[in-house]
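Chemist: Here numbering that gives the first Met the number 0 is used: the sequence shown runs in plain steps of one and ends on residue 295.
For each residue, glycine too, the CB sits at the ideal point set by N, CA and C.
All values reported here derive from a predicted model rather than from experimental measurement.
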Amino acid sequence: MADVIEYEGTLYRPPSEANSLILQATIGCSYNRCTFCAMYRDKAFRMRPIGELREEIRWARKHMGPDVRKVFLADGDALVAKARFLEDLLQELRAAFPNLSRVSCYASPQSLQVRSVDEMAKLRELGLTQYYLGVESGDNRVLEWLDKGVDHDEMVDAANKATAAGIKLSTMILLGAGGREGSLEHARHSARIINRIQPRFVSTLVMTPVEGTPLMDQAERGEVDELDPVELAAELREFIAGLQLKGSIFRSNHASNFLALKGTFPKDKHALLGVLDQVLEDPQSAHFVPDWLRAL
Ligand code: SF4
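1) Where DSSP assigns a beta bridge to Q197, which residues make up the other side?
2) Go through the segment 112–138 residue by residue and report every complete run of the alpha helix (DSSP H) that reaches 4 residues or more, in order.
3) In the DSSP assignment, what residue or residues form a beta bridge with I4?
4) Should R297 and E230 be called a contact, given that it needs their Cβ atoms to be closer than 8 Å?
5) Between which two residues does the beta strand (DSSP E) carrying T263 extend?
6) Using the beta-carbon count (16 or more within 10 Å), is V3 buried or exposed?
7) Does any residue of chain D bring its CB to less than 8 Å from the CB of A259?
8) Leaving out the 5 sequence neighbours to the left and right, which residues in its chain are closer than 6 Å to S182 when beta-carbon positions are compared?
9) With DSSP as the reference, label S189 as helix, strand or coil.
10) Does the separation of the CB atoms of L111 and L85 fall below 8 Å?
11) If you draw a straight line from the alpha carbon of S100 to that of Q90, how long is it in whole angstroms?
12) With a threshold of 7 Å, establish whether the CB of L131 neighbours any heavy atom of ligand 1.
13) Spatial neighbours of R53 within its chain, please: C-beta separation below 7 Å, excluding the five flanking residues on both sides.
14) Along the chain, where does the alpha helix (DSSP H) that runs through K69 open and close?
15) In the DSSP assignment, find the unbroken beta strand (DSSP E) run with T212 in it and report its ends.
16) Drop a sphere of 10 angstroms on the beta-carbon of E143, count the other beta-carbons inside from all chains shown, and report buried for 16 or more, exposed for fewer.
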């Protein structure tokens with residue numbers, strides 16, 4: 000039996016998976032090209048051997064007991080792994096943890112293009128019920144600049160396959176990715192793409208150049224406009240104003256944000272706009288997270 004779960008390299012997970020058991024079903028990201036993303040640059044993509052994962056599940060069952068409720072499958076796009084491998088893994092998890100309520104993973108647009116609706120529906124029945132999808136923008140100019148590998152329509156088609164399979168989607172938009180001149184266009188197109196997807200969860204992150212990324216190289220050449228907190232608040236206001244959601248939870252609680260907001264759509268839309276209007280009217284009294292407290 001494994002002595003402990005040993006994670007390879009730096010482990011990343013969404014804020015809402017803080018209390019989940021994390022298993023590295025795959026290592027790295029099979030796409031690994033988004034210009035802003037440093038998470039898996041040092042890892043060659045591969046699937047973990049199912050035998051190693053079985054051992055880790057046995058270890059977790061022995062040391063955490065049978066009451067594990069949530070599992071997150073790392074790394075960057077575990078959904079791209081073979082459907083049969085994921086089925087085996089989910090069956091192992093169900094057998095070890097009978098009270099499991101949710102298994103989730105990151106899903107790149109490319110992994111959603113690879114998986115069929117039937118495969119995703121079968122995996123959902125086995126417990127893989129939620130995907131985190133970095134939509135980043137609805138603006139084709141921005142998606143191309145970020146090298147997401149899909150345009151607006153392709154992103155919507157990929158996301159809608161997951162929805163058709165009964166998956167809950169948690170989507171992320173990258174504030175600031177349109178630069179200063181393109182800020183409002185980025186916000187408007189991002190609202191439009193989120194409206195077309197109607198995800199269960201929508202959150203914002205703030206684009207921040209980090210070491211080892213093409214975005215950082217561009218920033219060092221002076222080619223990136225980084226928006227200040229007030230400009231980001233204006234962009235977020237435009238984004239929220241454009242959202243027409245039937246039942247979604249909004250969060251800006253990722254550590255990269257300057258403003259931590261939350262609400263449920265459609266109920267809280269006007270309250271969120273009110274908060275942002277106040278910030279924009281009187282930025283001095285706004286409670287921005289200081290730069291040194293933000294985790295990038
Ligand atoms: S698909 Fe996700 S994990 Fe992979 S490079 Fe892009 S942002 Fe990073």
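Modeler: So, to answer that:
1) Note: Q197 sits in no beta bridge, so no partner.
2) 116–124
3) None; I4 has no bridge partner.
4) No answer is possible for residue 297: the residues shown for the chain start at 0 and end at 295.
5) 261–264
6) exposed
7) Within the model displayed, chain D is absent; a lone protein chain is all it includes.
8) E234
9) helix
10) no
11) 13 Å
12) Note on residue identity: the sequence assigns Tyr, not Leu, to residue 131. Checking the Cβ of Y131 against ligand 1 gives no.
13) E91
14) Premise fails: K69 lies in the beta strand (DSSP E), 69–73, not in any alpha helix (DSSP H).
15) Looking at the DSSP string, T212 is not in any beta strand (DSSP E), and its letter there is neither H nor E.
16) exposed
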